[in-house]
Structure formats: structure tokens, C-alpha cells
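Counting in the numbering used here, the sequence shown runs from 3 upward without gaps. Where is the CB? At the ideal position from N, CA and C, for every residue including glycine. Only one structure is covered here, and it is reproduced in the block below.
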Amino acid sequence: MIQAPDLPLWAAIAVGFLVLLGASITLIGALGLLRLRNFYERIHPPTLGSTLGTGCILIASMICFSTLHSRPMVHEVLIAIFVTLTTPITLMLLARAALYRDRSEGSAGVPQDLESVSASDIQQFAPDQP
Numbered sequence: 003m004i005q006a007p008d009l010p011l012w013a014a015i016a017v018g019f020l021v022l023l024g025a026s027i028t029l030i031g032a033l034g035l036l037r038l039r040n041f042y043e044r045i046h047p048p049t050l051g052s053t054l055g056t057g058c059i060l061i062a063s064m065i066c067f068s069t070l071h072s073r074p075m076v077h078e079v080l081i082a083i084f085v086t087l088t089t090p091i092t093l094m095l096l097a098r099a100a101l102y103r104d105r106s107e108g109s110a111g112v113p114q115d116l117e118s119v120s121a122s123d124i125q126q127f128a129p130d131q132p
């Protein structure tokens, strides 16, 4: 049984907008994964897309079911907490493992270690100080 006809117009508009926004953000993250060239560039867009897209869809779900049941429904908060915590941690662990592997193999195109960068190289990219 579908309960969508019981949803008030204001809630249906808000839910529809948030679901479309979440899906669009996730799509942009997926396109970033396809468009960028190497692993270190590809790892960031899907992480943002999944975190922000999931957040929008979870807010839409909270609005929908809170309106239908006439009481606050916050089960989605647990999902949001777990996604928000695990996605960046997974990104960091994958990036560190790939960086360690690529540096030990001597692969080209690996980001430099900050300890091996000279002060003049850092100053070159630093903004001018007054």
C-alpha cells in the first residue's frame, strides 16, 4: 500500500526537491569519479557525493515519514551518523594504503612527502605575506 497520496502538498514538494537534490549531488560525484584521471583525484568526488547526497535523501525521508505518522521520525539520524563517519574514514584509509603502495613501488605521479619538500617549494605556493 502506498501512502504518498496522504502526504500534504508542502511535504511532497519538499521531499521531491530533496530527493532530486540528493540524487543530483550523487550523480555529480559519480561523474567526477569517471572524469578524473588518477586514483588520488578520483577518490574525493564520490565521497562528497555519497555523503551529501545521502544526507539530502535522509532529510527527505525524515520529512515524509514524520508528516505521515504525525510524530518525529528520527531513525534516519543513525544512518546519517554512520555514513558521515565511515565514508571519510574509508577515504583516508584507502588513500593512505594507495600512497604507501605507490611510494614503495616507486610509481610516477605520486604526491610528494612533505618532509622531502624544500622550504622554497612551500614558499612558492604560499600566499604573499604582508
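Exercise. Could you check if G18 is buried or exposed, using at least 16 other CB atoms within 10 Å of its CB as the buried criterion?
Key: Classification of G18: exposed, given that the 10 Å Cβ count is below 16.
Quiz item: Nearest-angstrom Cα distance between P7 and T86?
Solution: Those two C-alpha atoms are separated by around 32 angstroms.
Self-check item: C-alpha distance - R44 paired with V112, whole-angstrom precision
Solution: About 14 angstroms.
Practice problem: Compare the beta carbon distance of G51 and I83 with 7 angstroms and say whether it is the shorter of the two. | Solution: With a cutoff of 7 angstroms on beta-carbon distance, G51 and I83 are scored as not near each other.
Quiz item: Taking just the CA atoms, how far does I27 sit from M64?
Solution: So the alpha carbons of these two residues sit roughly 19 angstroms apart.
Practice problem: Would you please state the rounded distance, in angstroms, between the beta carbons of A13 and C58? I believe it to be under 8 angstroms. | Solution: Contact doesn't hold; Cβ gap of about 15 angstroms is too wide.
Quiz item: What is the rounded straight-line gap between the Cα of P74 and the Cα of I61?
Solution: One alpha carbon belongs to P74, the other to I61, and they sit about 12 angstroms apart.
Quiz item: The alpha helix (DSSP H) with S72 in it runs from where to where?
Solution: Under the DSSP assignment, S72 falls outside any alpha helix (DSSP H); it carries neither an H nor an E label.
Quiz item: P47 and L36: beta carbons closer than 7 angstroms?
Solution: Against a cut-off of 7 angstroms, the Cβ pair of L36 and P47 comes out as no contact.
Quiz item: Secondary structure at V112, three-state DSSP: helix, strand or coil?
Solution: Secondary structure at V112: coil, using DSSP grouped into helix, strand and coil.
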